[in-house]
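Residue numbers (our numbering): 15 to 356.
Glycine residues also receive a C-beta, built at the ideal position from the N, C-alpha and C atoms.
Fair warning: this is a prediction, and the values are worked out from it, not measured in the lab.
Read through the structure below, which is laid out as structure tokens, and then see the notes.
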Ligand code: SF4
Ligand SMILES: [Zn+2]
């Protein structure tokens, strides 16, 4: 049912115009490399998009809006990478993202992937990509190993939750917890690193249920993965979540919930790295509180992601915290996520 809604919402989608030889974006930021804060270069390639999105796609994902939604010639994909590298300035970490999976050979053909990996500057110590589990197969990892010298290679997987029902019936992710575990096994066998994304507040879950699901997921995976990255839902165009939100059936997560999840997760994971990137934070379509305290709280969450110290949350207070607590108590009576307070 949700799968067909996700498909229908994309039916007359027309991609915006974008030059084929230019990546979507590239920028420099800070990240944590084995306990040190280092410069990181991020490139988002303009590709045909996620193969799963063509079938139906995940209920909260609007990355297809950033894709070409048609094939892109190999030489253009390579040119995009070359163009992005012109601004590279010795960053130690290189993140190569797409609107889907870097290891999907329909999206990034093997010859393109190999050429890109061969072009990575010597100064890069760690390469980070993202992929659905079905593309994390031995044959692909053997090929990658041959092109990265002795650099670290990290693969991010959007598991979202360890609960198969929430993942497949609500998020429409299309793979099981076992598929994820099998992919992690292969990653480990090759000596690569893994990052696991957890979704904060899928549709139909109350704020409290989502917090509980996130904590349980952390508990279920903390012995499997090197880094856990929380993604709070933000409302993207033409998604099932946007449809619910427009009909007052969904509110993006509170920033107070994110702090709660990070503090409780830290107790479970010990030295495993936790991070949280808040897309659209402090805006009506992104994770937010009352809009007065959002900036300070988002800064604290960013600091936590870098330094892993829960003390950054100690002094934070705003009167909207009481509303958040009321929200947690009232939502179970509302049969699902409450909309924003007027
Ligand atoms: S969340 Fe990932 S797997 Fe799902 S549609 Fe988006 S890019 Fe594809
Ligand atoms: Zn507030």
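Around the beta carbon of residue 74, 16 or more other beta carbons lie within 10 angstroms, which makes this residue buried. Under the three-state reduction of DSSP, residue 60 is assigned to coil, being neither helix nor strand. Cβ neighbours of residue 222 within its own chain (closer than 8 angstroms, five residues either side excluded): 342, 345 and 346.
Those residues placing their Cβ nearer than 6 angstroms to any heavy atom of ligand 2 are, following chain order, 303, 304, 306, 307, 332 and 334. Residue environment: residue 320 is assigned as exposed (fewer than 16 neighbouring CB atoms within 10 Å of its CB, all protein chains considered). Under the three-state reduction of DSSP, residue 129 is assigned to helix. With a cut-off of 7 angstroms, the C-beta of residue 113 is classified as near ligand 1, since at least one heavy atom of the ligand falls inside that distance.
Distance from the C-beta of residue 149 to the nearest heavy atom of ligand 1 is not below 7 angstroms. As far as DSSP is concerned, residue 265 takes part in no beta bridge. Between ligand 1 and residue 66, a heavy atom-to-CB distance of less than 7 angstroms is present.
In this model, residue 305 and residue 333 are separated by some 12 angstroms (Cα to Cα).
Shortest gap from the CB of residue 49 to any heavy atom of ligand 1: 7 angstroms or more. Contact check for residue 198 against residue 239 passes: the beta carbons are separated by less than 8 angstroms.
Excluding sequence positions up to five before and after residue 184, its CB lies within less than 8 angstroms of the CB of 16, 73, 216, 217, 218 and 219, all in the same chain and listed in chain order. Taking 8 angstroms as the cut-off, the beta carbon of residue 120 is found no closer than this to the beta carbon of residue 141. With a cutoff of 7 angstroms, residue 72 counts as near ligand 1, since its C-beta is closer than that to a heavy atom of the ligand.
Relative to ligand 1, the beta carbon of residue 172 is positioned inside 7 angstroms of a heavy atom. The count of Cβ pairs closer than 8 angstroms, one atom from the region 244 to 259 and one from the region 297 to 311, reaches three, so the stretches are in contact. Short note on residue 77: C-beta closer than 7 angstroms to some heavy atom of ligand 1.
Taking the Cβ atoms as the reference, residue 174 lies roughly 4 angstroms from residue 213, within the contact range of under 8 angstroms. Taking a C-beta distance under 8 angstroms as the contact criterion, residue 169 and residue 113 do not qualify as a contact pair. If you look at residue 244, you'll find it in the beta strand (DSSP E) that goes 241 to 246.
With a 10 Å radius around the Cβ and a threshold of 16 neighbouring Cβ atoms, residue 248 comes out buried. Scanning the region 252 to 325 for uninterrupted beta strand (DSSP E) segments of 3 residues or longer gives 287 to 290, listed from N- to C-terminal end.
Distance from the CA atom of residue 102 to the CA atom of residue 92, rounded to whole angstroms, is 16 angstroms. Residue 105 and residue 24 have their alpha carbons spaced roughly 37 angstroms apart. DSSP, read as helix, strand or coil, puts residue 338 in helix. If you check the C-beta of residue 146 against ligand 1, you find a heavy atom less than 7 angstroms away.
Within the same chain, 190 and 191 come within 7 angstroms of residue 178 by CB-CB distance, once the 5 residues on both sides are set aside. Going by DSSP, residue 40 is part of the beta strand (DSSP E) stretching over 39 to 47.
Remark: fewer than three beta-carbon pairs, one from each stretch, lie closer than 8 angstroms, so the region 310 to 317 and the region 278 to 286 are not flagged as touching. A Cβ-Cβ distance of about 5 angstroms is found for the pair residue 88 and residue 126, placing them in contact under the 8 angstroms criterion.
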